[in-house]
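These notes concern the structure reproduced below.
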Amino acid sequence: SELNQARPDFAYLQRLSQAMPKAALAQPPIKRALMAMHNEINPTLALRFCQAYENAQLNSPHIKFNPKLTQHVKDIQNNLQPGQPIPPQTMRFLQDLVNYARPTIEQQKLNKSASMAPSFHPTPFSMKPPGSV
Numbered sequence: 087s088e089l090n091q092a093r094p095d096f097a098y099l100q101r102l103s104q105a106m107p108k109a110a111l112a113q114p115p116i117k118r119a120l121m122a123m124h125n126e127i128n129p130t131l132a133l134r135f136c137q138a139y140e141n142a143q144l145n146s147p148h149i150k151f152n153p154k155l156t157q158h159v160k161d162i163q164n165n166l167q168p169g170q171p172i173p174p175q176t177m178r179f180l181q182d183l184v185n186y187a188r189p190t191i192e193q194q195k196l197n198k199s200a201s202m203a204p205s206f207h208p209t210p211f212s213m214k215p216p217g218s219v
């Protein structure tokens, strides 16, 4: 019966992972953290993602973050211990998030490499990624 109780949660976690704003996925630290988790999800990478998410929230007021998603990321951050295994629900959420984010991130990569092509005249403003100094 324990399994049945967990099931609706997984559906909820998937919906939550899809509440991640596309604009947030464009943030280099979030993007890097998610891409790193594409190969392996471990506490260090998960915490790095939480940190990137938190920073994006503070530094990108124009992005509308979902409060439930934010709370969930905070909970993950508070409950994760490096060296301890990731709880199954957190694991599932992060997997869903990576799966959800991947097409967007890959699309952005394609767009970026297209805009880098010499046939376009470079616009110095858009070349600089956000957050770079």
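Residue numbers for the sequence shown follow our numbering, beginning at 87 and rising by one. Glycine included, C-beta positions come from ideal geometry on N, C-alpha and C. Quick caveat, the model's predicted, so the values are computed rather than measured.
| Asked | Found |
| --- | --- |
| Return helix, strand or coil for Asn-145, following the three-state DSSP convention. | helix |
| What does a CB cutoff of less than 7 Å around Gln-167 pick up in its chain, not counting 5 residues either side in sequence? | Pro-129 |
| Please classify Thr-148 as buried or exposed, where buried requires at least 16 other C-beta atoms within 10 Å of its C-beta. | Per the sequence shown, the amino acid found at residue 148 is His instead of Thr. Label assigned to His-148: exposed. |
| Helix, strand or coil for Asn-197, going by three-state DSSP, please let me know. | helix |
| Please state the DSSP three-state secondary structure of Ser-87. | Legend: pLDDT at Ser-87 = 37, less than 50; position of this residue unreliable, value from coordinates given subsequently. The answer is coil: DSSP assigns Ser-87 none of H, G, I, E or B. |
| Where do the N-terminal and C-terminal ends of the alpha helix (DSSP H) with Ala-109 fall, by residue? | 108-111 |
| Going by beta carbon distance, what residues of the same chain come within less than 8 Å of Gln-163, once the five residues before and after it are set aside? | Leu-133, Cys-136, Gln-137, Glu-140 |
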